[in-house]
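Residue numbers (numbering that gives the first Met the number 0), protein chains in the order written: chain A, 0 to 345; chain B, 0 to 518.
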Amino acid sequence: MAEKKDNTKLMMMLLKGRTLIVLALLVIFFSIATPNFLSANTMLLLAKHVALYGILAIGMTYVIITGGIDLSVGAVVGLAGIIAGGMIQNGVTLESMGVTLYFSIPLVVLITIICGAAVGLINGAIITKFGVAPFIATLGTMYIARGFAMLHSSGATYSNILGHDALGNVGFTFFGGRIAGIPVGAIILAVIAIIAAILLKRTVFGWHIFAIGGNEKAAKLSGVKTDNVKILVYIFSAICATIVGLITTAQLEAAHPASGETWEMNAIAAAVLGGTSMAGGIGTIGGTIIGAFVIGVISDGMVMCGVSEFWQMVIKGLVIILAVIIDQFQRNMEAKMALQARNESK
Amino acid sequence: MDELEVIHTNDEVVLHAEKVSKIYPGTKALDEVSFDVYKGRTNVLIGENGAGKSTLMKIIAGIEQESAGELFMGGEKVHFDNVSQARAHGIGIIHQELSLFPNLNVYQNIFMAREKTKNKIGLDNEQHIELTKKILAKLEHPIDPYTIIGDLRVGQQQMIEIARNLIADDLKILIMDEPTSSLSEQEVQVLFKIMRELMAEGISIVYISHRLEEIMQIGDYVTILRDGKFVASAAVKDIDISWIVKKMVGAKKSYPQRKEKIDWSKREVVLQVKDLCLPKKGGGWLLNHVSFELRRGEILGIYGLMGAGRTEVFECIMGLRPEHTGEILLNGEKIDIKDVAAQIDNGFAWVPEDRQREGLVQTLDIGKNISLASLKAYAKGIFLQSDQEEAAIDQNIKDIHIKVADKRLPILSLSGGNQQKCVIGKGLLTKPKIMLLDEPSRGIDIGAKTDVFEIMNHYADEGLSLLVVSSELEEIEAIADRIIVLSNGIKTADMVKEEVTQDKLVMASYKGHTTAKSA
């Protein structure tokens with residue numbers, strides 16, 4: 000019996016570390032398949048790509064742990080880019096006063112983040128105050144945010160976002176650049192990931208997120224202000240999306256209203272690959288980051304192997320489904336172990 | 000095992016389990032248990048939680064499969080791979096945890112997977128509704144067949160669950176796993192009447208219950224299990240309650256009584272509820288001018304039938320019913336009730352009725368479930384001081400004797416009784432002045448019940464005031480210093496411990512209905 004128990008323990012360890020194992024296997028596979036894969040350049044490029052949906056996935060992880068979903072993040076990416084790009088290229092014209100204002104870059108960033116956060120506030124308010132299902136509420140705001148992005152530029156791209164010295168608004172491309180060879184996006188990802196992980200595990204707010212996702216009614220009866228916590232979580236997700244909008248705009252040196260389309264799906268996929276439960280109550284930031292890297296390695300690796308984009312989609316889909324099947328398996332096993340512990344304590 | 004006596008009887012055995020075992024990874028839930036189900040009789044299975052009763056039932060009902068041993072029906076060996084096979088042999092089960100569809104209505108639930116059809120395709124809803132009305136009339140619960148199950152009270156839902164099984168043709172054995180745990184006295188009596196009718200029709204009943212008085216009332220044969228093993232069996236007419244308790248726990252136990260003589264008139268009133276009214280959806284009142292007061296260190300019991308408004312009193316006090324009217328005074332001052340969080344800050348703690356749905360966060364571990372309501376107290380700025388939190392959890396586990404191997408284990412790894420202690424511990428950690436407990440002993444075994452009552456006694460002695468809702472007469476009689484009775488939203492009695500008798504309580508619990516009718 001003891002041996003059997005050890006086996007279950009080993010099995011659990013393997014299951015828990017499965018995403019990391021998959022990531023390692025993928026890296027080994029691609030470094031054999033394409034000799035250049037393990038080079039510093041490839042890795043930095045990978046980090047730059049992963050930064051984008053990695054940051055989205057961090058916000059998404061919070062939302063999913065509360066038992067919700069945020070479909071609007073992709074649209075917020077587009078909207079944030081357009082708001083920032085528009086402010087840099089055309090300024091803000093106050094018709095009544097007949098002036099056009101150009102803001103410095105820190106102010107542009109701040110205003111954009113406030114606008115993005117407003118979308119999150121709206122999401123949270125619709126969900127908590129009017130009782131709309133998160134899927135529907137954020138589906139609605141997804142269309143609305145995308146629509147406003149299109150309206151703002153009439154569907155066009157703001158391509159002049161370098162700014163002018165005379166206007167004092169240069170320097171936006173910093174977000175698309177590198178510090179000591181490391182992409183700024185990757186650094187921002189690291190910073191947000193660390194903050195998010197600490198918030199989640201070391202603060203009352205973080206545990207309230209877990210409690211809401213595990214059993215909202217019980218959380219509420221324990222004095223958790225469920226509405227406030229959920230609103231904050233959707234704001235956090237929207238701010239993550241806004242930051243991604245700023246980074247991608249800076250990387251491309253252009254703000255396109257359609258950018259970020261379907262990225263919400265990559266974010267969900269990364270979170271789920273990282274072990275976040277769609278039923279809520281379970282998830283880690285570390286897992287999500289690994290999940291984001293798995294998606295990144297598959298995409299970049301297959302591009303380098305010359306696999307067509309269409310096959311990439313098929314394979315990504317298979318990986319996600321497989322991940323969730325294994326996840327389910329793990330949960331059943333955990334439930335069984337809990338039952339076993341309960342019987343043994345008798 | 001001298002008690003392994005042979006029962007001398009002329010009753011026919013309809014099902015015999017021979018040395019049935021069930022092995023889960025790492026544990027033996029059932030160890031070579033033999034069990035007879037007598038035709039047209041109530042066959043009682045008892046034992047503390049974890050004794051193996053539910054496991055044996057599940058094997059007979061085809062939900063789980065035996066690891067060893069055999070089942071016989073009418074002399075032939077049978078084996079059930081699933082519920083359908085068991086049902087084909089005429090075995091039905093009423094689960095302890097209700098297995099209804101809350102989103103569907105009454106008749107849809109009753110006929111789920113047994114639908115009557117027209118021309119093999121269309122649903123014959125006229126027939127469904129007609130049969131539903133008939134069966135519910137028989138059960139003395141004329142509920143509208145169109146009512147959505149989720150809108151019914153737990154007791155009513157239990158009746159639907161029973162109705163569901165009665166609708167099956169050629170029912171031979173009906174297994175009832177704690178069917179009365181959420182029923183009122185009145186409903187229990189209706190249920191017993193139905194059981195007697197079923198038995199008269201030759202249907203055998205397998206009955207699991209923690210309520211020993213019931214077993215003496217309705218049981219014919221009793222089989223006692225302990226730790227997955229057979230302990231004894233006997234005909235009920237030959238035994239008494241103390242015999243059962245002795246066999247179950249190995250020693251005689253009774254509920255701890257409140258003992259201290261206190262002059263309550265000298266104790267300060269901490270909570271005063273004045274003219275509490277709560278309108279009912281569609282007219283009438285859920286609570287109709289209910290007033291009472293609670294003194295420091297007092298345990299006030301609230302007794303009443305299901306739906307009498309007991310839980311609603313708690314919901315009003317905790318801020319879940321903003322539509323209520325009336326005054327609630329804390330230490331003589333009227334409080335403005337905002338929400339649960341604010342009420343916890345005001346010194347209230349609530350142990351809700353439904354442990355799984357309202358008490359526990361199943362995805363969190365044992366420790367976090369205990370500290371959840373008091374997390375703020377361990378925070379410095381926004382950061383949680385985990386050493387303080389751990390210390391508080393450990394102290395709590397020690398104080399109220401929660402049996403925990405490791406507080407980082409999932410909450411569901413604990414037995415029901417220990418889960419309940421965690422919910423109580425969570426409330427205690429908020430350092431409450433007033434604690435509201437709604438059916439705190441529901442679905443836990445006698446040992447754990449005694450523990451829970453001891454916790455309540457202990458904290459009351461230390462000055463905590465408690466409001467306790469219970470449906471069990473003996474329990475509420477033992478634990479409460481004073482009892483108020485609610486009936487149909489009206490307070491019909493208010494008596495101190497010395498005045499309380501079970502008769503008076505039951506009488507008062509019906510009063511509200513008669514006055515409502517005559518009015």
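Glycine residues also receive a C-beta, built at the ideal position from the N, C-alpha and C atoms.
The model shown is predicted, which means the values in this text are computed figures rather than measured ones.
Taking a Cβ-Cβ cut-off of 8 Å, the neighbours of Phe209/A in chain B comprise Val360, Thr362, Leu363 and Lys367, given in sequence order. Taking C-beta separations shorter than 6 Å and ignoring five residues to either side along the sequence, the partners of Phe29/A in its chain run Phe36 and Gly300, following chain order. Spanning the alpha carbons of Pro255/B and Thr116/B requires a straight line of approximately 56 Å. Residues of chain A with a Cβ closer than 9 Å to the Cβ of Phe382/B are, in chain order, Ile197, Arg201, Thr202 and Val203. In this structure Leu44/B touches Leu55/B by the C-beta definition: roughly 7 Å separates them, less than 8 Å. In the three-state DSSP reduction, Asn104/B falls in the strand class (E or B).
With a threshold of 7 Å between beta carbons, Leu231/A makes no contact with chain B.
Straight-line measurement puts the Cα of Leu100/A at about 11 Å from the Cα of Glu94/A.
The Cβ of Ile64/A sits no closer than 7 Å to any Cβ of chain B. Excluding its 5 nearest sequence neighbours in each direction, Met317/B has C-beta neighbours in its own chain below 6 Å: Val339, Gln342 and Trp349, listed in chain order. With the criterion set as a beta carbon lying under 9 Å from some beta carbon of chain A, the segment 259 to 277 of chain B has no members that meet it. Residue pairing from DSSP leaves Gly296/B without any beta-bridge partner.
Interface flag for Ala340/B against chain A is set, since a Cβ pair is found closer than 7 Å.
Contact of Leu371/B with chain A is assigned, a C-beta pair being separated by under 7 Å. Within the segment 148 to 227 of chain A, the alpha helix (DSSP H) runs of at least 4 residues that lie entirely inside it are, in chain order, 183 to 201, 203 to 213 and 215 to 220. Within the segment 214 to 241 of chain A, the residues whose Cβ lies closer than 8 Å to any Cβ of chain B are, in chain order, Asn214, Lys216, Ala217, Ala218, Lys219, Leu220, Ser221, Gly222, Val223 and Lys224. With respect to the 7 Å criterion, Ala56/A and Thr287/A are classified as neighbours on the basis of their beta carbons. Residue contact with chain B for Ile68/A: absent (no Cβ-Cβ distance below 7 Å to any residue of chain B). Assigned with DSSP and collapsed to three states, Ser264/B falls in helix. For the options Ile93/B, His94/B, Leu122/B and Ile92/B, the alpha carbon positioned closest to that of Tyr106/B is the one of Leu122/B. With a threshold of 7 Å between beta carbons, Ile57/A makes no contact with chain B. The criterion of a C-beta distance shorter than 7 Å is not satisfied by Val244/B and Val235/B. Leu411/B sits in a helix when the DSSP states are folded into three classes. Taking a C-beta cut-off of 9 Å against chain B, the contacting residues of the segment 320 to 340 of chain A are Glu333, Ala334, Lys335, Met336, Ala337, Leu338, Gln339 and Ala340, listed in chain order. Taking Leu220/A as reference, the option from Asn164/B, Ser464/B and Lys425/B with the minimal CA-CA separation is Lys425/B. Flagged as an interface residue toward chain B: Gly280/A, by a C-beta distance shorter than 7 Å. Rounded to the nearest whole angstrom, the CA to CA distance from Thr241/A to Phe235/A is 10 Å.
Around the C-beta of Asn40/A, fewer than 16 other C-beta atoms lie within 10 Å, and the residue is accordingly described as exposed. Looking at the DSSP output, Ser232/B shares a beta bridge with Thr222/B. Within the DSSP secondary-structure output, Gln394/B pairs in no beta bridge. Comparing alpha carbon positions, the residue from Arg481/B, Ile381/B and Arg163/B closest to Lys137/B is Arg163/B. Interface annotation, Lys430/B: not in contact with chain A, CB-CB separation never under 7 Å. With contacts defined by Cβ atoms closer than 7 Å, Ile267/A and Met59/A form a contacting pair. Excluding its 5 nearest sequence neighbours in each direction, Thr172/A has C-beta neighbours in its own chain below 7 Å: Leu161, Ala249 and Glu252, listed in chain order. Contacts with chain A (Cβ-Cβ distance below 9 Å) from the segment 409 to 424 of chain B involve Pro409, Ile410, Leu411, Ser412, Leu413, Ser414, Asn417 and Val422, listed in chain order. In terms of CA proximity to Gln188/B, Gly154/B leads the group Gly154/B, Ile399/B, Ile489/B and Asp262/B.
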